[in-house]
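A.B. asks: Mapping of the sequence shown onto this note's numbering: residues 784 to 1401, in sequence order.
Backbone N, C-alpha and C define an ideal beta-carbon position, used for all residues, glycine too.
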Amino acid sequence: MTIAPRTIRQLTDTVINQIAAGEVIERPASVVKELVENALDAGATRIEVATAGGGLSLIRVTDNGGGMPPEELPLAVSRHCTSKLADDIHDIRSLGFRGEALPSIGSVARLSLRSRPEAADSAAEISVEGGRVSAVKPVAANRGTTVEVRDLFFATPARLKFMKSERAETAAITEVVKRMALAFPHVRFTLTGSDRNTLELPAVPADGEGLLRRIAQVMGRDFAENTLPIEAAREGVSLSGHASIPSFSRGNAMLQYFYVNGRPVRDKLLTGAIRGAYMDALPRDRHAVAALFITLDPALVDVNVHPAKADVRFRDPGLVRGLIVGAIRHALEISGMRASTSGADAMLAAFQRPEQRAAGHAAPQRYTPPPRPANGWSAATSPTRPLEMSTAPGFAEPGQAAFDVGAALSADARAGEMEAAPELMRTPLGAARAQVHENYIVAQTEDSLVIVDQHAAHERLVYEALKGALHARPLPAQMLLLPEIVDMPEEDADRLSAHAAFLARFGLGLERFGPGAIAVRETPSMLGKVDVPQLVRDLADEIAENDTADTLKERIDHIAATMACHGSVRSGRRLRAEEMNALLRQMEATPGSGTCNHGRPTYIELKLTDIERLFGRR
């Protein structure tokens, strides 16, 4: 095909803005993100977002920020006009800085901008429709700014074909607001509209306790109850936030929130760091829940990678990754033994009647009889009548009437009962009372009942012992009869050579063999027969992406986990009382023993108060 030569010409401002909109405004959620960022940069403490039609029909963002005088409104809807950036592009201390959002939105939608500074007596408004800017006119408005966007992408109808359903776009907007709310707990967010249920996130103090309350508002009470505080700093980079215990995980990474200097970001480096931190605590198909905040000098991170400002690039990615992995692993170690509260909740729900679960009751409540009728006594309404099965909860006394109690238990029937020393009752896992189904240890503390999976618990204990022994000294290596020569790009060979000393500790001996090859002379004995070229190339790829060589360590830890699984106490084995108590004491002394090597919980704890509610005693 022959292309006829054409004369170079300057594009119109409308076309330029529509091109920019293709990068900045991907969907309605992108509009909400840009407008909320502007409100936060203006110092707003109250932000209200209203939508209709999944944001395609209407998006309205109202804030109580500083506002803009009338003479600045035309500049606000012009490209590359901003109050947030000086001459140094590397010193960015605001969420927005490119000056492209409002003109990009105005080029593909009907936009109106109404603003009033605090000291002004009245407000002013400017409108942009498909790139055509109207004159500024006076209007009545409260202090702050209101931006209204209608008929998004009406000027570029082809973009509408790529939008998802109204429900999906509504959910994406909700997710954007939640992500912004996590970073700014002191700001009140309200999200309303005809296409959604109202979401209100009240402002909370901007401290550790306030952040945890905001996390509970956004990510749920369950996460707040199963979280570990994360605090660390190294070489000018500080990390804070919360991460879940291993037994509290999800099937995807949607509930992993990352912030860099208050900016919500998506970054493969940060996601990989979370995966590395939980490497031997979660299976590969499970993901931790986390909200992590990274603070560092703006000169050490580039937020201008993409116009949407969601991607960042760190000057020292290895430092950031190592800080996250080290901080989370340290938190897991010092947290000791913890099990997810969701396991106990699920167990309590299993004991409830189906109609109670359908009604959403968190726990059965004591039955309250109706008041005495004023018109006399009747058997149907008497407060002293027998409780009805249809209204009695779970194990409450009327529910027990359906069971034949039978003869009293004899002494021989209590063969599994075990006496315990009082001091064992005061330990976290208590004293072993019985073993049921030759796999579950039932223990009692002063205020709870504990059920332990003996195989899963011992598997974790054996694995931690094996791992400690393996990493305490260099691993044995197996000398190859003939060195394996692996050809690869020169830059990959350079990376492997730089990490040769680290790899040698795990039994992999390699050295440079010319400009574009690596000679492998030793492999870890534990791996047995191994595909050397594939292993070396995988290591080179990981070093290139994360500046680490953890692939080899992962393989060795996987072998240790397999050995632990086969070498631990098997299901079906009867244990003596002293063996069960010894297992409980080892669990209390081993970090991470709340989950097995596969991420499953090793024990469930039921508080006495919850058990009493099941039986209608509370």
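Is the beta carbon of Ser905 within less than 7 Å of some heavy atom of the ligand ADP?
C.D. replies: For the ligand ADP, the structure offers nothing, since it holds no ligand at all.
A.B. asks: Is Thr981 helix, strand or coil by DSSP?
C.D. replies: Correct three-state label for Thr981: coil.
A.B. asks: So, using beta-carbon positions, are Leu856 and Ala822 closer together than 8 Å?
C.D. replies: In this structure, Ala822 does not lie closer than 8 Å to Leu856 by Cβ.
A.B. asks: If I follow the unbroken beta strand (DSSP E) through Ser890, where does it start and stop?
C.D. replies: From DSSP, Ser890 is part of no beta strand (DSSP E) but of the alpha helix (DSSP H) over Ala884 to Val891.
A.B. asks: From the DSSP secondary-structure annotation, give me the bridge partner or partners of Thr1262.
C.D. replies: The sequence shown places Met at residue 1262, not Thr. Per DSSP, Glu1305.
A.B. asks: State the start and end residues of the unbroken beta strand (DSSP E) segment that holds Ala1016.
C.D. replies: Thr1010 to Arg1017 is the span of the beta strand (DSSP E), which, as asked, contains Ala1016.
A.B. asks: Is the stretch 967-974 close to the stretch 919-926, with three or more CB pairs under 8 Å?
C.D. replies: No contact exists between the stretch 967-974 and the stretch 919-926.
A.B. asks: With a Cβ-Cβ cutoff of 8 Å, do Arg1356 and Glu1221 count as a contact?
C.D. replies: Result yes, Cβ atoms of Arg1356 and Glu1221 sit closer than 8 Å.
A.B. asks: In this structure, does DSSP put Gly1399 in helix, strand or coil?
C.D. replies: In this structure, Gly1399 counts as coil in the three-state DSSP scheme.
A.B. asks: Within 8 Å, do at least three Cβ pairs link the stretch 1382-1394 to the stretch 1233-1243?
C.D. replies: As far as the Cβ criterion goes, the stretch 1233-1243 touches the stretch 1382-1394, which means the pair count is three or higher.
A.B. asks: Between Ala941 and Val1269, what straight-line distance do the alpha-carbon atoms span, to the nearest angstrom?
C.D. replies: Looking at the two C-alpha atoms, the distance is approximately 50 Å.
A.B. asks: Would you kindly work out how many angstroms separate the C-alpha atoms of Arg997 and Ala1007, rounded to a whole number?
C.D. replies: Roughly 9 Å separates the two Cα atoms.
A.B. asks: Where does the unbroken beta strand (DSSP E) through Val932 begin, and where does it stop?
C.D. replies: Start and end: Gly927 to Arg933.
A.B. asks: With a Cβ-Cβ cutoff of 8 Å, do Gly836 and Glu912 count as a contact?
C.D. replies: No, Cβ-Cβ distance for Gly836 and Glu912 is not below 8 Å.
A.B. asks: Note down, one range per segment and in chain order, each alpha helix (DSSP H) of at least 4 residues found wholly within the stretch 1038-1090.
C.D. replies: Runs found: 1051-1060.
A.B. asks: Between the alpha carbons of Met1037 and Val815, how many angstroms are there, rounded?
C.D. replies: Going by the C-alpha atoms only, they are around 19 Å apart.
A.B. asks: Could you compute how far the alpha carbon of Val916 sits from the alpha carbon of Met1271?
C.D. replies: Their backbone Cα atoms lie some 57 Å apart in a straight line.
A.B. asks: From Ala1016 to Lys1051, what does the alpha carbon distance come to, in whole angstroms?
C.D. replies: Taking the straight line from one Cα to the other gives about 21 Å.
A.B. asks: Given 8 Å as the limit, is there contact between the stretch 839-847 and the stretch 927-935, that is, 3 or more CB pairs closer than that?
C.D. replies: Yes, since at least three Cβ pairs between the stretch 839-847 and the stretch 927-935 fall closer than 8 Å, the two stretches touch.
A.B. asks: Name the one or two DSSP bridge partners that His1025 has.
C.D. replies: According to DSSP, His1025 bridges with Pro1012 and Ala1074.
A.B. asks: Since Arg1304 and Gly1292 are thought to touch, with beta carbons under 8 Å apart, how far apart are those beta carbons, to the nearest angstrom?
C.D. replies: Correct: roughly 5 Å between the Cβ atoms.
A.B. asks: With Val932 and Ile842 assumed to form a contact (beta carbons below 8 Å), what rounded beta-carbon distance in angstroms separates them?
C.D. replies: Yes, they are in contact, since the Cβ atoms of Val932 and Ile842 sit about 4 Å apart, within 8 Å.
A.B. asks: Do you know offhand how far Gly838's Cα is from Leu1322's?
C.D. replies: If you take the alpha carbons of Gly838 and Leu1322, they lie about 45 Å apart.
A.B. asks: Taking the C-alpha atoms as reference points, what is the distance between Pro1153 and Gly1399?
C.D. replies: Residue confidence is low: Pro1153 scores 48 on pLDDT, short of 50, so the model does not pin down where it sits. Its coordinate-derived value is still stated next. Approximately 17 Å between the Cα atoms of the pair.
A.B. asks: Where do the ends of the beta strand (DSSP E) carrying Lys944 lie?
C.D. replies: Per DSSP, Lys944 belongs to no beta strand (DSSP E) and is neither H nor E.
A.B. asks: Tell me whether Met1262 is buried or exposed, calling it buried when 16 or more other Cβ atoms sit within 10 Å of its Cβ.
C.D. replies: With fewer than 16 other Cβ atoms within 10 Å, it is exposed.
A.B. asks: Quick test of the definition: if touching needs 3 or more C-beta pairs under 8 Å, does the stretch 1238-1248 touch the stretch 1372-1384?
C.D. replies: Taking 8 Å as the limit for Cβ pairs, the verdict is that the stretch 1372-1384 does touch the stretch 1238-1248.
A.B. asks: Is the beta carbon of Arg971 closer than 8 Å to that of Leu984?
C.D. replies: A contact, by the Cβ cut-off of 8 Å.
A.B. asks: Looking at the secondary structure, which residues open and close the beta strand (DSSP E) in which Ala835 lies?
C.D. replies: Arg829 to Ala835 is the span of the beta strand (DSSP E), which, as asked, contains Ala835.
A.B. asks: Residue range of the beta strand (DSSP E) that Ala1215 falls in?
C.D. replies: First-last of the beta strand (DSSP E) with Ala1215: Ala1214 to Val1219.
A.B. asks: What residue from Glu1206, Val1103, Pro1211 and Gly1297 has the CA that sits closest to Val1020's CA?
C.D. replies: Out of Glu1206, Val1103, Pro1211 and Gly1297, Val1103 has the C-alpha closest to the C-alpha of Val1020.
A.B. asks: Would you report the Cα separation of Arg810 and Leu1053, rounded to the nearest angstrom?
C.D. replies: Arg810 and Leu1053: Cα-Cα distance of roughly 25 Å.
A.B. asks: Judging by CA-CA distance, which residue of Ala833, Ala1255 and Ile1057 is the nearest neighbour of Gly976?
C.D. replies: When each option's Cα is compared against that of Gly976, the closest is Ala833.
A.B. asks: I need the DSSP call for Arg1359, collapsed to helix, strand or coil.
C.D. replies: If DSSP states are grouped into helix, strand and coil, Arg1359 belongs with coil.
A.B. asks: Using the DSSP secondary-structure output, state which residues sit across from Arg897 in a beta bridge.
C.D. replies: In DSSP, Arg897 forms a bridge with Glu908 and Thr929.
A.B. asks: Answer with buried or exposed for Lys944, where buried requires no fewer than 16 other C-beta atoms within 10 angstroms of its C-beta.
C.D. replies: With fewer than 16 Cβ atoms within 10 Å of its Cβ, Lys944 is classed as exposed.
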